[in-house]
Amino acid sequence: MALVVFMRGVNVGSAKRFQPSLLARDLEHLGVSNLGAAGTFVVRGAIGQAALRAEFLRRLPFACDLMVCEGRDLLKLGAAEPFPDSSENPDLRRFVSILARRLPKPPVLPWSYPAGEQWQVSLVGVSGRFVLCHWRRFGTSGLEPNTIIEKRFGVRATTRNWNTILRVCQLLQP
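If you number the sequence shown the way this note's numbering does, the last residue is 177 and the count never jumps.
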């Protein structure tokens, strides 16, 4: 089964800038496809996770966290339709954070930050290494889901919009 690579903190502002399409071209022998500028890749070639990590990191001009997942785990998440109610509210944005490792025990959910009516990030589910959340802008503050999730769980993570996850699932289809 294919692997999926999610890079953390690349092409944000002026730090850790690179062209994902060029990296995908360099890794063409592994069947790598690039999706967007945030560092999301589908890898169809036969390679283990450790070797894949080494291949990616060797070609980058900077240090970077890589979250490598089995494609079947993302397909399972996509098929579960974990955000059934949120499409009715245009103010809610759906995100999935990919954790560097599984949580030792599942958290009590839902959990919102800040607490109360003016929440901006609401954690609504956990599936393996995936944390599902809703985000909404409230006032002038723009909290980032990734920052909240990393602080809450003490685990490195990278976050993608649910639409990106669905696009990855499309690329994973045979």
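Glycine included, C-beta positions come from ideal geometry on N, C-alpha and C.
What you are looking at is a predicted structure, and each value in this text was computed from that prediction instead of being measured.
Within the model, the alpha-carbon separation for Ser115 versus Leu102 is close to 18 Å. In the structure shown, Cys172 falls within a helical segment according to DSSP collapsed to helix, strand and coil. Under the three-state reduction of DSSP output, Gly12 falls in the coil class, being neither helix nor strand.
Contact between Val13 and Cys67 is confirmed by a C-beta separation of about 6 Å, below the 8 Å threshold.
In the DSSP assignment, Leu69 is bridged to Met10. DSSP places Asn164 within a strand segment (E or B) once states are collapsed to three. For Arg96, the secondary structure class from DSSP, reduced to helix, strand or coil, is strand. Nearest C-alpha to Val127 among Ser100, Phe21, Glu73 and Leu175: Ser100.
Uninterrupted alpha helix (DSSP H) stretches at least 4 residues long and entirely within the segment 10-63 occur at 23-29 and 52-62, given in chain order. Distance from the CA atom of Leu6 to the CA atom of Ser125, rounded to whole angstroms, is 28 Å. Within the segment 131-160, complete alpha helix (DSSP H) segments of at least 4 residues are found at 148-156, given in chain order. DSSP, reduced to helix, strand and coil, places Leu106 outside both helices and strands of the structure shown, so it counts as coil. Around the beta carbon of Ala160, 16 or more other beta carbons lie within 10 angstroms, which makes this residue buried.
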